[in-house]
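Take the sequence shown: its position 342, counted from the start at 1, is 570 in my numbering, and no numbers get skipped.
Where a beta carbon is used, it is the ideal one built from N, C-alpha and C, also for glycine.
One structure below.
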Amino acid sequence: MSIIESPDTITLIRPDDWHVHLRDGSHMAAVLPHTARQFARAIVMPNLKPPVTTAADASAYRDRILTALPAGMRFEPLMTLYLTDNTDPDEIRRAQETGFIHAVKLYPAGATTNSAAGVTDLRKCYKALEVMQELDMPLLVHGEVTDGDIDLFDREAVFIERVMRPLRRDFPELKIVFEHITTRDAAQYVAEAEGPIAATITAHHLLYNRNEIFKGGINPHYYCLPVLKREEHRLALLTAATSGDERFFLGTDSAPHAVHAKESACGCAGCYTALHAMELYATAFEQAGALDKLEAFASLNGPAFYGLPVNEGTVTLKREAWTIPPSVTMGEHQLVPLDAGNQLNWKML
Ligand code: NCD
Ligand code: ZN
């Protein structure tokens, strides 16, 4: 249990981020220290351009991450493969053999940033999924349908019926993480389903409902996919995250985009939270009166699902007001963190 030493200090086992976008090149070099300061390990998303589809790609990307890590920082990137219609089942075996590839990510084609090479029909992947089930390699799911007739806000709920249920019926032993869930429907589905399923929840979906995107004008820095939903869904996610149910764990989905790509006629989806992730989560858990549940969510449930050891060492959060910077430098660009300019009342030491 998190040690709440006083109402003003929390110490917990060093946490992990089970869903992060680190990008590449100068952008990666800029955002990586933020994640490495907050987290011991992170599941690194493979939606680069071009995507990370082979064990060799993942190995090279991992080397670039480790090279970019500032001296003296400890951080372990947990690599993933990007599933396509053509993923060779043998590639899954090669990935497993590396020891550093921990999952395969399903992006339905067209669902989100850099998903064009994603899966058009999951039946095309059944051979690869069979090998994943056999090897205990988790499938990480971006759970949204892309059909034009489905309302944007209903895409996750419809995905459960059209894709998730059939998938789990056909692969009952396949480990699945329903990534960045945003609805009561998904929280309920994961809590009640049989077999090896879990879900990540972002800080922004715990803190905000969809009003935030439109408050006083259009606020592109609150636009992500899956998009923020109604208040009733936010409350259901907060209940799930703070319930102590070990199926729910931390995944920031921190997704950096340069300011010009967000503040644009066609702004990119993604919220940047790696800078202040634990502070944002502490704020949400405190709102729910559940700071004592933060450690399980941030530091214990994820390793248990992935079959990895719990981290050594601790981090401490202190009640201290500070202002989120208006922007940070990302290579040759600026990056606006979520809630830029606003005050947070928790600070990670
Ligand atoms: C992510 C990105 O920018 O790579 N964007 C987002 O809104 N979350 C992709 C994703 O995880 O959907
Ligand atoms: Zn993501």
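Look up residue i in the DSSP assignment and say whether it is helix, strand or coil.
i: valine 538; result: coil
i: histidine 330; result: strand
i: alanine 257; result: helix
i: histidine 449; result: helix
i: lysine 575; result: strand
i: isoleucine 429; result: strand
i: valine 377; result: Checking the sequence shown, residue 377 turns out to be aspartate, not valine. Three-state result, aspartate 377: coil.
i: leucine 357; result: helix
i: aspartate 245; result: strand
i: threonine 341; result: coil
i: serine 482; result: strand
i: phenylalanine 477; result: strand
i: aspartate 364; result: coil
i: serine 471; result: coil
i: glycine 530; result: helix
i: arginine 438; result: coil
i: valine 418; result: helix
i: aspartate 291; result: helix
i: tyrosine 509; result: helix
i: proline 317; result: helix
i: glutamate 491; result: coil
i: threonine 263; result: helix
i: leucine 503; result: coil
i: aspartate 252; result: coil
i: leucine 566; result: coil
i: leucine 465; result: helix
i: lysine 227; result: The chain is shown only over 229 to 577; residue 227 falls outside these bounds and no answer can be derived.
i: alanine 296; result: helix
Closer than 7 angstroms by C-beta to residue i: which residues in its own chain qualify, once you throw out the five before and the five after it? Chain order, please.
i: histidine 461; result: Thr410, Thr411, Arg412
i: phenylalanine 513; result: Thr470, Leu519, Lys521, Leu522
i: alanine 414; result: Gly371, Glu384, Ile388, Phe406, Ala427
Kindly give me the distance between the Cβ atoms of residue i and residue j, rounded to whole angstroms, as I take these residues to be in contact under 8 angstroms.
i: leucine 572; j: isoleucine 552; result: 6 angstroms
i: valine 556; j: leucine 563; result: 5 angstroms
i: alanine 486; j: histidine 561; result: 4 angstroms
i: threonine 326; j: serine 287; result: 6 angstroms
i: arginine 269; j: leucine 306; result: 5 angstroms
i: cysteine 499; j: tyrosine 450; result: 7 angstroms
i: alanine 426; j: phenylalanine 477; result: 7 angstroms
i: histidine 249; j: alanine 510; result: Contact doesn't hold; Cβ gap of about 22 angstroms is too wide.
i: alanine 323; j: isoleucine 329; result: 4 angstroms
i: valine 595; j: proline 317; result: Residue 595 lies beyond the stretch modelled for the chain, which goes from 229 to 577, so this question has no answer here.
i: glutamine 266; j: alanine 505; result: 5 angstroms
i: alanine 526; j: leucine 240; result: 6 angstroms
i: leucine 508; j: leucine 435; result: 6 angstroms
i: asparagine 529; j: glutamate 474; result: 4 angstroms
Have a look at the DSSP bridge pairing and note the partners of residue i.
i: valine 280; result: For valine 280, which the question treats as bridged, DSSP gives no partner whatsoever.
i: proline 305; result: Ala270
i: tyrosine 310; result: Lys333
i: lysine 546; result: Thr237, Lys575
i: phenylalanine 406; result: Val369, Ala427
i: methionine 392; result: BP columns for methionine 392 are empty, so no partner.
i: methionine 558; result: His561
i: threonine 551; result: Gln571
i: valine 347; result: Pro336
Excluding five sequence neighbours on each side, which residues of the same chain lie with their C-beta closer than 6 angstroms to the C-beta of residue i?
i: glutamine 361; result: Phe399, Glu401, Leu402
i: alanine 345; result: Pro279, Thr312
i: alanine 489; result: Cys496
i: proline 454; result: Glu372, Glu384, Thr410
i: alanine 257; result: Ala296
i: histidine 433; result: Thr410, Leu465
i: alanine 339; result: His370, Glu372, Thr374
i: leucine 276; result: Asp252
i: histidine 247; result: Ile271, Glu407, Thr428, Gly479, Asp481
i: tyrosine 335; result: Ser343, Gly346, His370
i: glycine 300; result: none
i: isoleucine 293; result: Pro305
So, for residue i: in the same chain, excluding its five sequence neighbours on each side, which residues have a beta-carbon less than 8 angstroms away from its beta-carbon?
i: proline 531; result: Asp244, Pro537, Val538, Asn539
i: threonine 315; result: Thr281, Leu309, Val332, Cys353, Ala356
i: asparagine 447; result: Glu440, Ile441
i: glycine 472; result: Lys521, Ala524
i: aspartate 364; result: Lys403, Gly535
i: arginine 321; result: Val359, Leu363
So, is the C-beta of residue i closer than 7 angstroms to a C-beta in chain C?
i: glutamate 401; result: Chain labels in this structure do not include chain C; a single protein chain is all it has.
Any chance the CB of residue i is under 6 angstroms from a heavy atom of the ligand NAD?
i: aspartate 379; result: The ligand NAD is not part of the structure shown, which contains the ligand NCD and the ligand ZN as its ligands.
> Looking at C-beta atoms only, is the number of pairs between the segment 456 to 472 and the segment 392 to 407 that lie closer than 8 angstroms three or more?
Replying inline: no
> Taking three-plus beta-carbon pairs below 8 angstroms as touching, is the segment 387 to 397 in contact with the segment 356 to 375?
Replying inline: yes
> Looking at C-beta atoms only, is the number of pairs between the segment 477 to 495 and the segment 543 to 552 that lie closer than 8 angstroms three or more?
Replying inline: Touching, no.
> So does the segment 419 to 428 actually touch the segment 437 to 445, counting three or more Cβ pairs closer than 8 angstroms?
Replying inline: no
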